[in-house]
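Residue numbers (our numbering): 196 to 559. Don't be surprised by glycine CBs; every beta carbon is placed ideally from N, CA and C. In what follows, a structure is listed as structure tokens, so that the remarks can point back to it.
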Amino acid sequence: MALKNLVSFTLKNILDELSDYGKDSYKLRTIVNFIFKPYVQDLIKDLNKEFDSKEGNRAYPRELLLGVLMYCSTLHFSNLTAIARECKLNKMLQVFTCGETPSASTFKRFFKENNRLTLKKIFCCTLLEFNEEKFLDFSRLFIDGTDALVNGSIHYKITWNEITMLQYAKQWKILHNNRKQSMERFLTELKKKEEFYKDDEEMLKLIQMALKRPDIYNKRIYKKIPLFTEALKGRKQNYVSIMFPESIMMRTKKGKFDFALNLQQIMLKNKIIFSGVLLDKPNDSRVLEEVLIDIQETIEILVDLQKKYGIRRNYKEINSLLERTTFILDSGYFSDHNLEIADKYAINALIMPKVIASQRNNKI
Numbered sequence: 196m197a198l199k200n201l202v203s204f205t206l207k208n209i210l211d212e213l214s215d216y217g218k219d220s221y222k223l224r225t226i227v228n229f230i231f232k233p234y235v236q237d238l239i240k241d242l243n244k245e246f247d248s249k250e251g252n253r254a255y256p257r258e259l260l261l262g263v264l265m266y267c268s269t270l271h272f273s274n275l276t277a278i279a280r281e282c283k284l285n286k287m288l289q290v291f292t293c294g295e296t297p298s299a300s301t302f303k304r305f306f307k308e309n310n311r312l313t314l315k316k317i318f319c320c321t322l323l324e325f326n327e328e329k330f331l332d333f334s335r336l337f338i339d340g341t342d343a344l345v346n347g348s349i350h351y352k353i354t355w356n357e358i359t360m361l362q363y364a365k366q367w368k369i370l371h372n373n374r375k376q377s378m379e380r381f382l383t384e385l386k387k388k389e390e391f392y393k394d395d396e397e398m399l400k401l402i403q404m405a406l407k408r409p410d411i412y413n414k415r416i417y418k419k420i421p422l423f424t425e426a427l428k429g430r431k432q433n434y435v436s437i438m439f440p441e442s443i444m445m446r447t448k449k450g451k452f453d454f455a456l457n458l459q460q461i462m463l464k465n466k467i468i469f470s471g472v473l474l475d476k477p478n479d480s481r482v483l484e485e486v487l488i489d490i491q492e493t494i495e496i497l498v499d500l501q502k503k504y505g506i507r508r509n510y511k512e513i514n515s516l517l518e519r520t521t522f523i524l525d526s527g528y529f530s531d532h533n534l535e536i537a538d539k540y541a542i543n544a545l546i547m548p549k550v551i552a553s554q555r556n557n558k559i
């Protein structure tokens, strides 16, 4: 439903009030101007349609949530709870949100349920702006990967056996809803099943496993079974993260294992981020093809935006990026697989061999 305070959520009202903060409001004013650009608004309309919800919590305009996230990233906040707290404490941010205070769960839903392609198009609007100002330099393109840790405990995971037990719990109509009374009923009914199946060794193991960890046998987690089974396909691991099934257990930069994704960032010569993609690969040795596919998608989006909203007509220059740019990659990408992909796509790639990288590191 509409929020009362948001009647003043307009470009003019927000900029008028932010002007009282002078230079301190420069970053926020830049973001406000961006999200109210006509072409960004066209894209955000698609996101808002998905949240013209008939039920549930109040629906915030997607541009409000997007603006908050963009501004908080300039303050180096990445934790959603900290971002929600900033909405309550930061006076300038309250001008932008018209006094509304979205919760951490609202931001989490924004990330999980929004259309990925639409969000990418909104990001590409920044490239449109840079292209209009002739800031995009396509002569060099740097690719690097890093760990993107997910916000979930390494212990909050689910196995194939637990998925099987979830299905039995649904079949027996004993799934709980995390409330005390519902949980007590689940445990009582499960103990009855334990007695009933005492001579069935396989079923007994499943039931006793569930009794040790009853919290995951709830209706919300049951609905995620298709995500779990899809994520488990082809994996060596017998488990996935409940919070982020698409993530994988990988050795992080700090040397320990955690649930994470491999964030591939693509940067132009003048330090402008051109694209980025999250992959479920533990290292960079087999990611080049997916990175190139993502770059192609970004090029297509940028050309389309340029045709619809831009003044420049440098489509040929943008479309020829893969052909004429030089890709710079570190030794983590030096593998037979990546070299074959570079040949397949006929790109100019400079990848440091691992032997040379080891020699240099040893000298240092």
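*Output the residue ranges of the beta strand (DSSP E) runs that lie fully inside the segment 387 to 474 and measure 3 residues or longer, sorted by chain position.*
Assignment of beta strand (DSSP E) within the segment 387 to 474, counting only whole runs of 3 or more residues, yields 434 to 436, 443 to 446, 452 to 463 and 468 to 474 in chain order.
*Within 8 angstroms, strictly: CB atoms of THR447 and LEU344*: yes
*asked:* Could you check whether the segment 419 to 435 touches the segment 382 to 394, counting it as contact only if at least three pairs of C-beta atoms, one from each stretch, sit closer than 8 angstroms?
replied: Per the Cβ contact rule, the segment 419 to 435 is not in contact with the segment 382 to 394 (fewer than 3 Cβ pairs under 8 angstroms).
*Which stretch, first to last residue, makes up the alpha helix (DSSP H) that contains LEU331?*
For LEU331, no alpha helix (DSSP H) segment is defined, and its DSSP state is neither H nor E.
*asked:* Helix, strand or coil for LYS352? Go by DSSP, reduced to three states.
replied: strand
*Please look up how many angstroms separate the CB atoms of TYR255 and GLU295, rounded, as I've assumed it's under 8 angstroms.*
7 angstroms
*What residue range is occupied by the uninterrupted beta strand (DSSP E) comprising THR521?*
THR521 -> beta strand (DSSP E) spans 521 to 524.
*Label ASP489 either buried or exposed according to how many other C-beta atoms from any shown protein chain fall within 10 Å of its C-beta, with 16 as the threshold for buried.*
Counting of Cβ neighbours within 10 angstroms places ASP489 among the buried residues, the total reaching 16 or more.
_Start-to-end residues for the alpha helix (DSSP H) that takes in ASN274_ = Looking at the DSSP string, ASN274 is not in any alpha helix (DSSP H), and its letter there is neither H nor E.
*Taking C-alpha atoms, which residue in LEU517, ASP332 and ILE546 lies nearest to GLY527?*
ILE546
*asked:* Here's the rule: buried if 16 or more other CB atoms are within 10 angstroms of the residue's CB, otherwise exposed. What is ILE496?
replied: buried
*Other residues of its chain near ASN543: CB distance less than 6 angstroms, five sequence neighbours each side excluded*: THR521
*asked:* Using the three-state DSSP reduction, which class does THR313 fall into: helix, strand or coil?
replied: helix
*So what does ASN543 bridge to, in DSSP terms?*
THR521
*asked:* My output table needs one value for PHE231: the three-state DSSP class, helix, strand or coil.
replied: coil
_Boundaries (first-last residue) of the alpha helix (DSSP H) holding LYS307_ = 299 to 308
*Where VAL435 and TYR510 are concerned, what is the direct C-alpha to C-alpha distance, given to the nearest angstrom?*
43 angstroms
*Pick helix, strand or coil for ALA254, following the three-state DSSP scheme.*
Correct three-state label for ALA254: coil.
_Between the CA atoms of LEU206 and TYR216 - distance to the nearest angstrom_ = 16 angstroms
*Three-state secondary structure (DSSP) at ARG340?*
One detail in the question is off: residue 340 reads as Gly in this sequence, not Arg. GLY340 falls in the strand class under three-state DSSP.
*Just the C-alpha distance for ASP342 and LEU456, rounded to the nearest angstrom, thanks.*
6 angstroms
*Start-to-end residues for the alpha helix (DSSP H) that takes in LEU213*: 206 to 213
*Bridge partners of HIS532, per DSSP?*
Paired residues: none, contrary to the question.
*ILE513 (DSSP reduced to helix, strand or coil)*: helix
*In whole angstroms, what separates the C-alpha of GLN289 from that of VAL202?*
14 angstroms
*In the segment 478 to 511, which residue ranges form an unbroken beta strand (DSSP E) of at least 3 residues, counting only runs that do not cross its ends?*
none
*C-beta atoms of VAL482 and GLN460 nearer than 8 angstroms*: no
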